[in-house]
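In full-length UniProt numbering, the protein residues as written are 1 to 261.
Encoded structure:
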């Protein structure tokens, strides 16, 4: 079993446990009560931004272990916003990434009002309701752990809840998912099975995506020259987490990168 298969197997167990704790009907009513309140568009934010940086709050990873165990969701996300992030990504998987839904709530309560991506392994529509309830603007759907039919169904439900979708692909084979026309098209430079990272993946697949798509390059981005080169081949968003989180002050690290751009 590769890492992705292990994570997804665990996620199925987690989701079933969550449904026992809060029944789907109860969760649906809670979300229904807030649907009048719209959330900021991540797609629009990336399109309008000069930098396109999606700064990620990521305390842990399966391959690296703890990156910043002491990282606080009421401090770092707000610092990202103050230092010029176009949008945020917040990991909400607990076991493998040290996150939780409350991190998004806490970030919102601290004053974050820019778009937030709910970064998790979404395999069930129940998680979309969880994402909407905690204050996310968009959700990540990963082609590698969903069939096209499953992905289409989740995308439709997300839109019904007022959430945008960043659809993540990694290989030529997964590009067939692009036909689902998500709000944003992500290319992950990290193989989720082996966790090997290669930014060339974004350059290789960029020209195969629709020309007018809002493209996001994810993982392995650490210097401004890479961002500039990716922008030249059509990318509008650049998801960066570990490069910021491993520093003493992630917000300052973000500002330094933007200044170099």
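Built from N, CA and C at the ideal position, the CB exists for glycine as well.
- If you draw a straight line from the Cα of residue 92 to the Cα of residue 211, it is about 31 angstroms long.
- Three or more Cβ pairs closer than 8 angstroms define a contact, and the stretch 100-107 falls short of that threshold against the stretch 32-42.
- Counting other Cβ atoms within 10 Å of its Cβ, residue 201 reaches 16 or more and is therefore classed as buried.
- Non-local beta-carbon contacts of residue 42 in its own chain, meaning distances under 6 angstroms to residues more than five positions away in sequence, involve 87, 115, 137, 138 and 164 in chain order.
- The Cβ-Cβ distance between residue 180 and residue 140 does not fall below 8 angstroms.
- Under the three-state reduction of DSSP, residue 213 is assigned to coil, being neither helix nor strand.
- Apart from sequence neighbours up to five positions away, the residues of its chain that approach residue 158 with a beta-carbon distance below 7 angstroms are 128, 139 and 165, ordered along the chain.
- Where residue 86 is concerned, there is no enclosing alpha helix (DSSP H), because DSSP gives it neither an H nor an E.
- Contact check for residue 146 against residue 175 fails: the beta carbons are separated by 8 angstroms or more.
- Under the DSSP assignment, residue 22 falls outside any beta strand (DSSP E); it carries neither an H nor an E label.
- Taking the CA atoms as reference points, residue 144 sits about 13 angstroms from residue 178.
- Rounded to the nearest angstrom, the Cβ distance from residue 190 to residue 162 is 29 angstroms, too far for a contact under 8 angstroms.
- Taking 8 angstroms as the cut-off, the beta carbon of residue 185 is found closer than this to the beta carbon of residue 216.
- Rounded to whole angstroms, residue 60 and residue 99 show a C-alpha spacing of 8 angstroms.
- Looking at the DSSP output, residue 118 sits in a beta bridge with 90 and 139.
- In this chain, the alpha helix (DSSP H) harbouring residue 132 covers 125-134.
- Comparing alpha carbon positions, the residue from 75, 52, 242 and 113 closest to residue 228 is 52.
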